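Just below is one structure, and these are the notes that go with it.
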Amino acid sequence: MPYRKRVPEFQAVIMAGYGNGLIPLSDEKNNMPKALLPIVNQPMISYPLAWLESSGVSDVIVVSLASGSKKLGHYLDRVYEGQLHISMEIVDDNCGTAQALARIKDKIKTDFIVISCDLLTSLPPHQFLDMHRSEDPTVTALFFEPNKSEGGPSGSAKENEVTQFVGIDATNSQLVYLNNSDEMDPEEFSVRMSLLSKHPVMNISRLLQDGHLYIFKRWVIDLINEVSIKRTRASLKEHVLPLLVKSQHQRVLADREGVTKAAEASLSVNPSTQALALSLSTTQAPEIEDRSENAQWKSPVKVKAFVVAKDVYCGRANSIANYFELNRYYTKITDKDRNPGGQGQVGADSLVGDDTKLGDRTSVKKSTLGSHVTIGKNVKIVNSIVMDHVVLEDNVKLDGCIVCSGAKICEKSSLKDCEVGGGFRVEKETQARNERLVDFQEQ
1 MPYRKRVPEF
11 QAVIMAGYGN
21 GLIPLSDEKN
31 NMPKALLPIV
41 NQPMISYPLA
51 WLESSGVSDV
61 IVVSLASGSK
71 KLGHYLDRVY
81 EGQLHISMEI
91 VDDNCGTAQA
101 LARIKDKIKT
111 DFIVISCDLL
121 TSLPPHQFLD
131 MHRSEDPTVT
141 ALFFEPNKSE
151 GGPSGSAKEN
161 EVTQFVGIDA
171 TNSQLVYLNN
181 SDEMDPEEFS
191 VRMSLLSKHP
201 VMNISRLLQD
211 GHLYIFKRWV
221 IDLINEVSIK
231 RTRASLKEHV
241 LPLLVKSQHQ
251 RVLADREGVT
261 KAAEASLSVN
271 PSTQALALSL
281 STTQAPEIED
291 RSENAQWKSP
301 VKVKAFVVAK
311 DVYCGRANSI
321 ANYFELNRYY
331 TKITDKDRNP
341 GGQGQVGADS
351 LVGDDTKLGD
361 RTSVKKSTLG
371 SHVTIGKNVK
381 IVNSIVMDHV
391 VLEDNVKLDG
401 CIVCSGAKIC
411 EKSSLKDCEV
421 GGGFRVEKET
431 QARNERLVDF
441 QEQ
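The numbers in full-length UniProt numbering rise by one with no breaks, and the one at position 185 of the sequence shown is 185.
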């Protein structure tokens, strides 16, 4: 019997973008790409990689912008120790997420998972994947309700994440409404009567955020390509997903934007799992297609929403405040056996990297310190993130700060709720609050 190569159920694509919301942390001049920013001393991208590996996926494409590709490529080739088969594709820095996927459409051979490198969650992968398998929709999208911030850098500032109105059919988890609140009058909420008649039991929320974790049918990559041709910096969240949601109910839109054509072309070649099962059934009556003028239109698109339970952690490091919160959470749950030496100055709620030296009378609370950090005497660090190769001289005080790799903070400086760029030198006796201390070129 001839050998048949096993076709994987899903491919996975990790989007490793620039991270505009993380500037100056993700600035390329002296820092590192967003995907490599540390979460409790582990690169951010290592978390979605581990999640995908536990899901059973074997083939992963990492899409990187050109500006961060060398450092990220070095990590994937030389440092990453997992079992995934990873390839990296490089796209232009000005690409939107849909455009970036369109550039690699020839690499997509099966239904595919798209996940952002900044998504971290304790959700068991099988729960998300099994919902998609059982429902066989065009796309399954993950939504979550973010945890409240406990303060820190930019903790009191309004998030840049655009709030969405998310409407989900309470009976079957179908995502039936999606709109950015900035496009609507906050005093008036409007929904089509035709939509309400089809989905009379609908939960509408402004608290849910798009997790940037999706499972798409293979044919959607062709639609993504069409959308990226028509729009500059086309985005999955802002353009593709809303188009698919509306195409469930708006026939004219689905036909005009090529959604119907793309879906039907795919179905003619690869019928859905449920359609194939029904065609082989000996008990299910055959479905007779009604082509009369009065026949009710049946959309070829079905969008499902997976809402993460409140007792399951989920967050995105897409802003400085969120990045800080993720570090805080994972520091709490990280095995403290990784905390070298068990030194008295380091609180049980903190984590210290390898080869980091702490001076006498130094205190570290609710903080994460990277590797090869040199800390002088009588230094107080509270609620802060200090990355690798940082130098803190005597009598420095940090409260609610993020200090990037290679920075030096000279003696008797006191910083509160500040971000210090990579390689930056803070002169002695500096007093700063709510500031970004970076080289002028990084602004």
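Ideal Cβ placement from N, Cα and C applies to all residues, glycine included.
Only a predicted model underlies this, so the values are computations on that prediction, with no experimental measurement involved.
Just confirm the distance between the C-beta atoms of residue i and residue j, as a whole number of angstroms; I'd bet it's less than 8 Å.
i, j, result
"Val-390", "Val-379", "About 11 Å; that fails the 8 Å criterion."
"Ile-385", "Asn-327", "5 Å"
"Val-91", "Ala-100", "5 Å"
"Gly-406", "Lys-416", "Between Lys-416 and Gly-406 the Cβ distance is about 22 Å, and since that is not below 8 Å, they are no contact."
"Asn-147", "Gln-164", "Their Cβ separation, rounded to whole angstroms, is 18 Å, which puts Asn-147 and Gln-164 out of contact at 8 Å."
"residue 473", "Arg-316", "The structure shown does not extend to residue 473, since the chain is modelled only from 1 through 443, so no value can be given for it."
"Glu-393", "Gly-370", "Between Gly-370 and Glu-393 the Cβ distance is about 17 Å, and since that is not below 8 Å, they are no contact."
"Met-88", "Ser-64", "6 Å"
"Leu-351", "Thr-334", "6 Å"
"Leu-178", "Pro-242", "5 Å"
"Ile-221", "Lys-408", "The Cβ separation is near 47 Å, so there is no contact."
"residue 444", "Lys-428", "This structure cannot speak to residue 444, because the chain is shown only from 1 to 443."
"Leu-120", "Ile-39", "7 Å"
"Ala-35", "Leu-72", "5 Å"
"Phe-112", "Ala-265", "That pair is no contact at about 17 Å."
"Leu-208", "Val-166", "5 Å"
"Pro-124", "Glu-419", "Pro-124 to Glu-419, Cβ: 34 Å. No contact."
"Phe-306", "Phe-128", "5 Å"
"Val-201", "Thr-171", "6 Å"
Residue i: which of the options sits nearest, CA to CA?
i, options, result
"Lys-332", "Ser-319, Tyr-313 and Gln-345", "Tyr-313"
"Lys-412", "Val-426, His-199, Val-420 and Gly-421", "Val-426"
"Thr-232", "Gly-96, Arg-436, Tyr-47 and Thr-430", "Gly-96"
"Val-303", "Arg-256, Ser-350, Val-346 and Val-245", "Val-245"
"Met-193", "Arg-206, Val-176, Val-307 and Phe-10", "Val-176"
"Thr-57", "Ile-14, Pro-24 and Ala-66", "According to the sequence displayed, residue 57 carries Val and not Thr. Answer by Cα proximity: Ile-14."
"Val-62", "Ser-54, Gln-42 and Lys-107", "Lys-107"
"Lys-365", "Gly-353, Leu-358 and Ile-381", "Ile-381"
"Pro-300", "Ala-102, Asn-41, Pro-8 and His-249", "His-249"
"His-74", "Pro-43, Ala-50, Ser-205 and Asn-172", "Pro-43"
"Ile-86", "Pro-125, Ser-247, Val-60 and Glu-226", "Val-60"
"Val-79", "Ile-45, Asp-27 and Leu-213", "Ile-45"
"Val-438", "Phe-424, Gln-431 and Thr-430", "Phe-424"
"residue 444", "Ser-26, Ala-102 and His-132", "The structure shown has nothing for residue 444, since the chain only spans 1 to 443."
"Ser-55", "Asp-130, Leu-76, Ala-66 and Lys-70", "Asp-130"
"Ser-205", "Phe-144, Ser-363, Arg-256 and Ser-319", "Phe-144"
"Glu-81", "Ala-50, Tyr-330 and Gly-359", "Ala-50"
Tell me which residue opens and which closes the alpha helix (DSSP H) that residue i is part of.
i, result
"Tyr-47", "46 to 55"
"Tyr-323", "320 to 333"
"Val-220", "220 to 230"
"Glu-393", "Segment: none, Glu-393 is in no alpha helix (DSSP H) and carries neither H nor E."
"Glu-89", "Taken as a continuous stretch (DSSP letters only), Glu-89 belongs to no alpha helix (DSSP H), being part of the beta strand (DSSP E) at 85 to 91."
"Thr-97", "97 to 103"
"Met-193", "193 to 198"
"Gln-174", "Per DSSP, Gln-174 belongs to no alpha helix (DSSP H) and is neither H nor E."
"Lys-237", "First-last for Lys-237: undefined, no H or E at that position."
"Lys-70", "69 to 74"
According to DSSP, is residue i helix, strand or coil?
i, result
"Gln-248", "coil"
"Phe-144", "strand"
"Glu-430", "For the record, residue 430 in the displayed sequence is Thr; it is not Glu. DSSP places Thr-430 in coil when its eight states are reduced to three."
"residue 444", "In this structure the chain extends from 1 to 443, so residue 444 is not present and cannot be described."
"Thr-110", "coil"
"Ser-266", "helix"
"Asn-179", "strand"
"Asp-311", "coil"
"Arg-436", "strand"
"Lys-261", "helix"
"Asp-27", "coil"
"Arg-316", "strand"
"Arg-425", "strand"
"Pro-38", "strand"
"Asp-77", "helix"
For the beta strand (DSSP E) that contains residue i, what are its first and last residues?
i, result
"Phe-306", "303 to 307"
"residue 444", "Summary: the structure shown does not reach residue 444, with the chain confined to residues 1 through 443, and so no result is reported for it."
"Gly-211", "209 to 216"
"Ser-414", "414 to 416"
"Asn-31", "Note, Asn-31: premise wrong, no beta strand (DSSP E); not H, not E."
"Phe-165", "164 to 169"
"Asp-59", "59 to 65"
"Gln-11", "11 to 16"
"Asn-203", "202 to 205"
"Ser-363", "363 to 365"
"Thr-138", "No beta strand (DSSP E) contains Thr-138, which DSSP labels as neither H nor E."
"Leu-22", "No beta strand (DSSP E) holds Leu-22; DSSP gives it neither H nor E."
Using a C-beta cutoff of 8 Å, does residue i count as contacting chain D?
i, result
"Glu-419", "The displayed structure is made up of one protein chain only, and chain D is not part of it."
ask   = Is there contact here, the segment 316 to 326 with the segment 15 to 22, by at least three beta-carbon pairs under 8 Å?
value = yes
query = Between the segment 128 to 143 and the segment 213 to 223, are three or more C-beta pairs nearer than 8 Å?
reply = Verdict: yes, contact present.
request  = Report yes or no: do three or more beta-carbon pairs, one from the segment 75 to 92 and one from the segment 113 to 121, lie closer than 8 Å?
outcome  = no
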